[in-house]
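Report on the structure given below.
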Amino acid sequence: MMYATRQEAAGDQGYNYHLLKAALNTFQCNLGQLEPAQLTRARQIADKSFEIESLVIASPEARDVFIADSEVARAVGEIEAKYVDHDEFVTDLAGNQLDEETLRASLRRELLFDSVMRRVGARSPAVNDLDVRLFYELHIDRFTVPERRTARHILITVNPDYVENTAAAARARIQQLADKLRTSPRRFATLARQHSECPTALDGGKLGSLHRGKLYPQLDAALFRLREGEVSEVVESEVGLHLLLCERIEAGRKVPLSKARARIVEILQQRKQRNCQKAWLGELRRAASLTKVS
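The sequence shown maps to residues 150 to 443 in the working numbering.
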């Protein structure tokens, strides 16, 4: 069976629904807002999606699929609900070369397409235990919880416009705090409230639970060298001078296969379904090409 090209579909407003979707999904704007180059790209995307949809809904697999009027009405309602009133809805449709009847027909096609693709995907083989174990071993990094550290910090900024924040004064101030904390690390939160120039001072300098890479590189390196309960030496970053307290260390751990299994099965089943759908679409295209030649 021959399938419609964009040129052949130009008189079919159903194609305009695909064109509008391409504009919204790719450029986040309506058809009338597209620049010429954007419109060209949107047409390329719409050509492909309309072609695929036309192939699918004309396939033998689509013949016994029934889309109820209530499903179409629900889909229309979900779109119309985004507008202030019905008039605005109709006006916007017209501005995108659509009307209510065409929208309903386009949504029916889309629902039919989705239903057929789900049926085809359901033909894919089930995921077995070997599939699951291989995926787990080959992607073990995805099932590893990184080490985390609960931390607090004190910040003294450097600003030559203020006497107390010149480079020398700031370093002297934070060194005094470091000396106090060396013998009394439990005072960290109190001293942070009193002296830190970071908004976290209100919460005793609390940074929360962090994994590597969340802080400035200098702070990150210093924090992950500390033992639990230890206070760092003075650390300099782009925003000033810091002291860090490592309150707690949560060691990294591997999620056991038993807990990861359900998610792995879901990932692999979706992959198998997509592969099955792609293979089926390839067969449809080949059959359509042979029909065109003949």
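In this text, a Cβ means the ideal position worked out from N, Cα and C, and glycines have one as well.
Evaluate contact between the region 185-202 and the region 242-254, counting only Cβ atoms and requiring at least three cross-stretch pairs below 8 Å. The region 185-202, when compared against the region 242-254, does not touch it at the 8 Å Cβ threshold.
So for Arg272, helix, strand or coil by DSSP? Your numbering for residue 272 matches position 123 in the sequence shown. If DSSP states are grouped into helix, strand and coil, Arg272 belongs with coil.
Going by DSSP in three states, Arg258 sits in which element: helix, strand or coil? Reading the sequence shown from its first residue, position 109 is the one you call residue 258. If DSSP states are grouped into helix, strand and coil, Arg258 belongs with the helices.
Helix, strand or coil: how does DSSP classify Met151 here? By one-based count along the sequence shown, residue 151 stands at place 2. Here the model assigns Met151 a pLDDT of 37, short of 50, so the residue's position is not dependable, and the following value carries that caveat. In this structure, Met151 counts as coil in the three-state DSSP scheme.
C-alpha gap between Ser273 and Ala400, whole angstroms: By 1-based counting over the sequence shown, the position of residue 273 is 124. By 1-based counting over the sequence shown, the position of residue 400 is 251. Rounded to the nearest angstrom, the two C-alpha atoms are 40 Å apart.
Looking only at C-alpha atoms, which of Arg410, Leu375, Phe284, Tyr164 sits nearest to Ser255? The residue labelled residue 255 in the question sits at position 106 within the sequence shown. Out of Arg410, Leu375, Phe284, Tyr164, Tyr164 has the C-alpha closest to the C-alpha of Ser255.
Return yes when the Cβ of Ala338 is within less than 8 Å of the Cβ of Arg301, no when it is not. Here residue 301 is taken as the residue at index 152 of the sequence shown, counted from 1. Here residue 338 is taken as the residue at index 189 of the sequence shown, counted from 1. Yes. Within cutoff.
Taking the C-alpha atoms as reference points, what is the distance between Asn277 and Arg410? Here the question's residue 277 lines up with position 128 in the sequence shown. Here the question's residue 410 lines up with position 261 in the sequence shown. So the two alpha carbons sit approximately 11 Å from each other.
Val312 classed as buried or exposed, judged by whether at least 16 other C-beta atoms fall within 10 angstroms: For this step, residue 312 is matched to residue 163 along the sequence shown. In summary, Val312 is exposed, with fewer than 16 beta-carbon neighbours lying within 10 Å of its beta-carbon over all protein chains present.
Just how far apart, CA to CA, sit Gln156 and His235? Sequence index remark: in the sequence shown, residue 156 carries index 7 (1-based). Sequence index remark: in the sequence shown, residue 235 carries index 86 (1-based). Its pLDDT being 44, under 50, Gln156 is placed unreliably by the model, and the measurement read from it follows with that caveat. Cα to Cα, the separation comes out at about 32 Å.
Within 10 angstroms of the Cβ of Glu227, are there 16 or more other Cβ atoms? Answer buried if so, exposed if not. Your numbering for residue 227 matches position 78 in the sequence shown. Looking at its Cβ environment, which holds fewer than 16 other Cβ atoms inside 10 Å, Glu227 is exposed.
Taking only beta-carbon atoms, is Leu372 less than 8 Å away from chain B? The structure shown contains no chain B; it is built from a single protein chain.
How many angstroms separate the CA atom of Glu379 from the CA atom of Asn314? By 1-based counting over the sequence shown, the position of residue 379 is 230. By 1-based counting over the sequence shown, the position of residue 314 is 165. Separation of Glu379 and Asn314 (C-alpha to C-alpha, rounded to the nearest whole angstrom) is 26 Å.
Residue range of the alpha helix (DSSP H) that includes Ser470: No answer is possible for residue 470: it lies beyond the span of the chain, which begins at 150 and ends at 443.
Buried or exposed, going by whether 16 or more other CB atoms sit within 10 Å of the CB of Asp310? Here residue 310 refers to the residue found at position 161 when the sequence shown is read from its first residue. With fewer than 16 other Cβ atoms within 10 Å, it is exposed.
With 16 other CB atoms within 10 Å as the buried threshold, where does Gly357 fall? Here the question's residue 357 lines up with position 208 in the sequence shown. It is exposed - the Cβ of Gly357 has fewer than 16 other Cβ atoms within 10 Å.
Where does Lys403 sit, in a helix, a strand or coil, going by DSSP? As a working mapping, residue 403 is identified with position 254 in the sequence shown. Strand, per DSSP.
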